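Heads up: the structure comes next, in structure tokens.
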Amino acid sequence: LDQSSHYENAPFDAYLESGLQYKPRLIFVSHDASRTGAPAIILRLLEMFSQSGDFECFSILDTGGERLNEFEALSHTHVMSKPRYNAGFSDEEALSEISRLFNEEGVFKNNRPVCALVNSAESLRIAQGLQRQGIPVISLIHEVAAYYPPEKFTQFGEVSEKVVFPSQFVKKAASLFSDMDMSKAWVRGQGLLTDEFGTLDRTRCRRLLRESLGIEEDAFVVLNVGTMDVRKGGDLFVDTAKICLEQVPKDKPLYFLWYGQPDPSFGYPKEAIKINGLEAKVRFMPSTSEIEQVFLGGDLFLLTARADPFPCVIHEALACGLPVVAFENGGGAPELIGDDCGQIVDMYDLAAMARTILSYVENPELGQTQSFNAIEKIKKDWDYFSYQKDLYELMQENAQAPESGWPELAPPVSPDHLVVMNASLEDLELFEQGVITSDQASLDVALIGGRFENEAEAVAAQLRQMGHRVRHHQPDENNIASRATLVSQLLVKPRPKTVTLLNTLRFVSPKQIRPLAYPLQAVETDTKIGLDMLYQALPYLKDLTLSDEGTVEALTRMNPVAKDFISFWDPKAAFAH
Numbered sequence: 001l002d003q004s005s006h007y008e009n010a011p012f013d014a015y016l017e018s019g020l021q022y023k024p025r026l027i028f029v030s031h032d033a034s035r036t037g038a039p040a041i042i043l044r045l046l047e048m049f050s051q052s053g054d055f056e057c058f059s060i061l062d063t064g065g066e067r068l069n070e071f072e073a074l075s076h077t078h079v080m081s082k083p084r085y086n087a088g089f090s091d092e093e094a095l096s097e098i099s100r101l102f103n104e105e106g107v108f109k110n111n112r113p114v115c116a117l118v119n120s121a122e123s124l125r126i127a128q129g130l131q132r133q134g135i136p137v138i139s140l141i142h143e144v145a146a147y148y149p150p151e152k153f154t155q156f157g158e159v160s161e162k163v164v165f166p167s168q169f170v171k172k173a174a175s176l177f178s179d180m181d182m183s184k185a186w187v188r189g190q191g192l193l194t195d196e197f198g199t200l201d202r203t204r205c206r207r208l209l210r211e212s213l214g215i216e217e218d219a220f221v222v223l224n225v226g227t228m229d230v231r232k233g234g235d236l237f238v239d240t241a242k243i244c245l246e247q248v249p250k251d252k253p254l255y256f257l258w259y260g261q262p263d264p265s266f267g268y269p270k271e272a273i274k275i276n277g278l279e280a281k282v283r284f285m286p287s288t289s290e291i292e293q294v295f296l297g298g299d300l301f302l303l304t305a306r307a308d309p310f311p312c313v314i315h316e317a318l319a320c321g322l323p324v325v326a327f328e329n330g331g332g333a334p335e336l337i338g339d340d341c342g343q344i345v346d347m348y349d350l351a352a353m354a355r356t357i358l359s360y361v362e363n364p365e366l367g368q369t370q371s372f373n374a375i376e377k378i379k380k381d382w383d384y385f386s387y388q389k390d391l392y393e394l395m396q397e398n399a400q401a402p403e404s405g406w407p408e409l410a411p412p413v414s415p416d417h418l419v420v421m422n423a424s425l426e427d428l429e430l431f432e433q434g435v436i437t438s439d440q441a442s443l444d445v446a447l448i449g450g451r452f453e454n455e456a457e458a459v460a461a462q463l464r465q466m467g468h469r470v471r472h473h474q475p476d477e478n479n480i481a482s483r484a485t486l487v488s489q490l491l492v493k494p495r496p497k498t499v500t501l502l503n504t505l506r507f508v509s510p511k512q513i514r515p516l517a518y519p520l521q522a523v524e525t526d527t528k529i530g531l532d533m534l535y536q537a538l539p540y541l542k543d544l545t546l547s548d549e550g551t552v553e554a555l556t557r558m559n560p561v562a563k564d565f566i567s568f569w570d571p572k573a574a575f576a577h
């Protein structure tokens with residue numbers, strides 16, 4: 001649907017006209033839509049299959065959550081009428097609800113799904129329901145079997161064509177604590193969730209983190225990210241921090257930060273901090289959408305989990321060049337960390353954990369070497385497309401091919417030069433007059449008006465005739481806030497090599513653009529954009545073109561350095577020519 005604006009066309013009519021309903025269908029299952037690791041894994045797979053344009057995607061969720069709108073934006077989404085933990089909702093009732101999705105007059109009548117990716121051990125009832133309908137199931141199990149009744153994992157083996165575990169640690173636990181048919185087991189850890197995660201400007205991110213916390217510029221920052229509970233070792237994090245802070249030299253400022261929601265039933269970490277007077281040095285921070293900036297601002301990642309199967313945060317930490325210190329037998333992370341990207345210590349040996357952390361504080365060269373190794377490891381072996389491709393091959397081996405054949409997957413491509421512009425003929429005229437300079441003859445153009453712009457199709461047709469690649473992007477609503485959300489996503493997914501904002505600088509804030517490491521250009525011919533906003537954006541722009549000579553003069557007075565990259569463009573002269 002992003003290939004046309006479908007202006008004044010009802011969304012359902014646009015869907016019918018698109019032909020999407022005739023493409024191969026895939027089902028994606030998640031136990032919820034929370035902002036945690038397991039839903040993030042299946043949501044990223046859904047995003048890649050959906051945005052390829054080669055599949056029609058459906059999602060079944062046991063419960064909703066704060067990321068439900070993302071599932072809905074990428075797929076037809078069904079949330080179960082009652083959650084799995086509702087005592088009054090029996091297995092048979094849940095299976096019956098799944099069966100109704102496949103009734104004779106239902107959406108799958110003339111085009112049944114070819115396969116389902118079922119994520120998490122918590123999704124067993126949905127997997128059973130799909131298997132009863134004859135849908136081949138590939139299960140992605142991230143949980144440790146020791147924490148579940150043995151029959152749950154055994155039953156997963158019965159309903160699945162293949163069961164994918166993220167690490168040998170998790171596979172071994174399933175073998176020890178259940179009677180699962182291990183001939184169906186396959187080990188494949190997920191890749192880095194966000195392409196090019198870790199490529200923001202590290203120097204800016206380090207400064208921004210320390211400024212936001214009010215700590216020393218040379219402070220050494222130890223991080224953890226995730227829900228703070230017993231399983232992830234929030235207590236071990238605080239106790240290790242206490243030992244370190246008692247031993248660290250006075251001239252070495254050291255801080256421990258944990259980003260994530262606390263488990264309200266787990267009060268020890270906060271109590272221990274208060275009792276030991278560690279409030280200034282050990283801090284619990286709320287979850288943030290700017291977590292990449294946080295990782296790039298840190299120095300070390302401390303994984304204190306008692307049982308974390310194969311945490312996504314480890315990929316992100318390594319991609320940002322953070323060495324990782326973790327416990328042996330605390331999950332699958334040591335399989336990724338190895339002996340070149342961090343250090344592994346015996347479970348519960350907090351004294352050894354503290355000594356290891358202090359070795360990085362006192363020996364910066366150790367961290368620098370392992371930082372380089374970590375970044376290279378993720379680049380080489382842990383991109384998400386490789387994970388998607390391997391799972392797709394599993395589907396092809398274990399499901400019947402669609403009538404049209406299996407589409408070929410293409411990896412996501414970062415645009416060499418992305419132009420973000422309004423879908424208006426007025427801005428198209430600017431484009432045609434050469435206001436944008438580029439080394440590339442063919443540009444990637446993102447039109448952000450979507451179905452709300454009546455000139456969008458004419459603009460897209462002209463741009464394509466000029467040889468450019470065009471995509472329509474659909475804001476949720478016809479307002480500035482929705483466009484701002486959309487533009488902020490375009491700046492990072494996938495991350496371009498160069499961006500030009502053509503009369504769209506107003507949709508981003510300096511806070512959003514200041515950590516970007518690629519060249520950012522802007523063209524503004526609308527005098528409504530405020531002088532203050534332009535001034536705040538100046539330090540993060542490589543080039544700024546304005547059509548108001550007075551604004552150019554004002555900005556160069558306010559920031560004399562800006563005269564080197566601010567230029568005046570006279571639209572009257574250009575159009576006359």
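Numbered according to the working numbering, the sequence shown spans residues 1 to 577.
Virtual Cβ for every residue (Gly too), placed ideally from N, Cα, C.
Note that this is a predicted model, so its numbers are computed, not measured.
Where Leu101 sits in the DSSP three-state scheme: It is coil, neither helix nor strand.
Sequence ranges, alpha helix (DSSP H) only - wholly within the segment 191–254, length at least 4: Scanning the segment 191–254 for uninterrupted alpha helix (DSSP H) segments of 4 residues or longer gives 202–213 and 234–247, listed from N- to C-terminal end.
Inter-residue Cα distance where the pair is Leu428 and Gln21: Each residue's alpha carbon lies about 33 Å from the other.
Element boundaries [alpha helix (DSSP H), containing Cys312]: From DSSP, the alpha helix (DSSP H) with Cys312 extends over Cys312 to Ala319.
Limits of the unbroken alpha helix (DSSP H) element including Pro556: A small correction: the amino acid at residue 556 is Thr; Pro does not occupy that position in the sequence shown. Looking at the DSSP string, the run of the alpha helix (DSSP H) that includes Thr556 is Glu549 to Met558.
Between the CA atoms of Gln155 and Gln489 - distance to the nearest angstrom: If you take the alpha carbons of Gln489 and Gln155, they lie about 40 Å apart.
Check whether Arg283 and Leu236 have beta carbons under 9 Å apart: Not a contact, by the Cβ cut-off of 9 Å.
Three-state secondary structure (DSSP) of Pro269: Shown here, Pro269 sits in a helix according to DSSP, grouped into three states.
Val561: CB within 8 Å of a non-hydrogen atom of the ligand ADP: As far as ligands go, the structure on display features none, and thus does not contain the ligand ADP.
Three-state class that DSSP yields for Val561 in the structure shown: Look at Val561 here: in three-state DSSP terms it is helix.
Inter-stretch contact at 8 Å, needing at least 3 Cβ pairs: the segment 247–260 / the segment 216–226: Contact holds: three or more Cβ-Cβ distances are below 8 Å.
Residues that DSSP places opposite Gly449 in a beta bridge: Note: Gly449 is not bridge-paired with any residue in the DSSP secondary-structure output.
Inter-stretch contact at 8 Å, needing at least 3 Cβ pairs: the segment 404–421 / the segment 44–60: Contact between the segment 404–421 and the segment 44–60 is present, because at least three Cβ pairs lie under 8 Å.
Buried versus exposed call for Leu176 [16 or more other C-beta atoms within 10 Å across all chains shown]: Exposed, since its Cβ has fewer than 16 Cβ neighbours within 10 Å.
Residues that Met421 bridges to, as DSSP identifies them: For Met421, which the question treats as bridged, DSSP gives the partners Leu447 and Leu502.
Limits of the unbroken beta strand (DSSP E) element including Ala185: Its beta strand (DSSP E) spans residues Ala185 to Val187.
Whole-Å CB distance - Val552 paired with Leu502, under 8 Å assumed: With 8 Å as the limit, Val552 and Leu502 do not qualify as a contact, their Cβ atoms being about 17 Å apart.
For Ser509, the nearest candidate out of Gly530, Lys493 and Thr498 (CA to CA): The shortest C-alpha separation from Ser509 is found at Gly530.
Meets three-Cβ-pair contact criterion under 8 Å: the segment 116–128 and the segment 24–39: As far as the Cβ criterion goes, the segment 116–128 touches the segment 24–39, which means the pair count is three or higher.
Through-space distance from Val163 to Ser59, alpha-carbon basis: Here the alpha carbons of Val163 and Ser59 stand approximately 19 Å from one another.
Inside the segment 41–128 only - alpha helix (DSSP H) runs reaching at least 4 residues: Within the segment 41–128, the runs of alpha helix (DSSP H) at least 4 residues long that lie entirely inside it are, in chain order, 68–74 and 91–100.
According to DSSP, residues forming a beta bridge with His472: His472 pairs with Leu447.
Validate contact between the segment 8–17 and the segment 86–103 using beta carbons, cut 8 Å, 3 pairs: Pairwise C-beta distances place the segment 8–17 out of contact with the segment 86–103, as fewer than three of them are shorter than 8 Å.
Run of the beta strand (DSSP E) containing Gln465, from where it starts to where it stops: Run containing Gln465: none in the beta strand (DSSP E); it sits in the alpha helix (DSSP H), Ala456 to Gln465.
Coarse secondary structure for Val578, derived from DSSP in three states: Any question about residue 578 goes unanswered here, given that the chain covers just 1 to 577.
Burial state of Ile41, where buried means 16 or more other Cβ atoms lie within 10 Å: Buried, because 16 or more other Cβ atoms sit within 10 Å of the Cβ of Ile41.
Where the alpha helix (DSSP H) containing Ser488 begins and where it ends: In this chain, the alpha helix (DSSP H) harbouring Ser488 covers Ile480 to Leu490.
Gln343 - containing beta strand (DSSP E), residue span: In the DSSP assignment, Gln343 falls within the unbroken beta strand (DSSP E) covering Gly342 to Val345.
Neighbour-count burial assignment, Ile314, 16 or more Cβ in a 10 Å radius: Around the beta-carbon of Ile314, 16 or more other beta-carbon atoms lie within 10 Å, marking it buried.
Ala241 versus Ala127, Arg231 and Phe220, residue with shortest Cα-Cα distance: Comparing Cα positions, the closest option is Phe220.
Arg514 (DSSP reduced to helix, strand or coil): Residue state, collapsed to three classes: coil.
Asn329, buried or exposed, once every other Cβ within 10 Å from all chains shown has been counted against 16: With fewer than 16 other Cβ atoms within 10 Å, it is exposed.
Start and end residues, beta strand (DSSP E) containing Glu524: Glu524 -> beta strand (DSSP E) spans Leu520 to Glu524.
Lys528 versus Leu546, Leu541, Leu520 and Ile513, residue with shortest Cα-Cα distance: Nearest option by C-alpha distance: Leu546.
Pair within 9 Å by beta-carbon distance, Glu72 and Glu47: Contact: no.
Buried/exposed call for Ala333, threshold 16 Cβ in 10 Å: Counting the other Cβ atoms within 10 Å of the Cβ of Ala333 gives 16 or more, which makes it buried.
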